[in-house]
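Worksheet for the structure shown next.
Residue numbers (this note's numbering): 23 to 165.
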């Protein structure tokens, strides 16, 4: 079910979300501002949320459980959870099977954009029904 909003509904890959959350002064900080200000609505699924939880716990980030919870609170409430269907139509297959969940979410959620820096996902742009763009390309569309 889609919210009645004019803000684009987007699938953001985990690396982009992670960069926007963990590196608040980095180049993707504007992406975080975009979802928090309602300029876009991230689409979420069980698998994409589980992956984000797993990655935030990586020792290299040195995030405490409280830090992780705070970062999640800066993201999850701004998103819209998509109920994934039991069966999906035939979709383009990503070279990295771990990234297929983003293609599936973009399709099931009728995303306006799939935003990624992942070359395996970007390679599917010509054959996928939803636009697949980089973060820079997406942010340019927001102005």
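No residue lacks a Cβ here, since even glycine has one placed at the ideal position from N, Cα and C. Please read these numbers as outputs of a predicted model, since none were measured by experiment.
In this structure, the beta-carbon distance from residue 67 to residue 159 does not fall below 9 Å.
Annotated three-state conformation of residue 34 is strand, per DSSP.
Residue 63 is not a Cβ neighbour of residue 136, given a cutoff of 9 Å. According to the DSSP assignment, residue 137 belongs to the beta strand (DSSP E) that extends over 135 to 137. Sequence-distant partners of residue 131 (beyond 5 residues in either direction) whose C-beta falls short of 6 Å from its own C-beta, in its chain, are 65, 104. Residue 134 has its alpha-carbon roughly 13 Å from the corresponding atom of residue 102.
In the DSSP annotation of this structure, the continuous segment of the alpha helix (DSSP H) that includes residue 77 starts and ends at 68 to 78. In the three-state reduction of the DSSP assignment, residue 90 falls in the helix class, which pools H, G and I.
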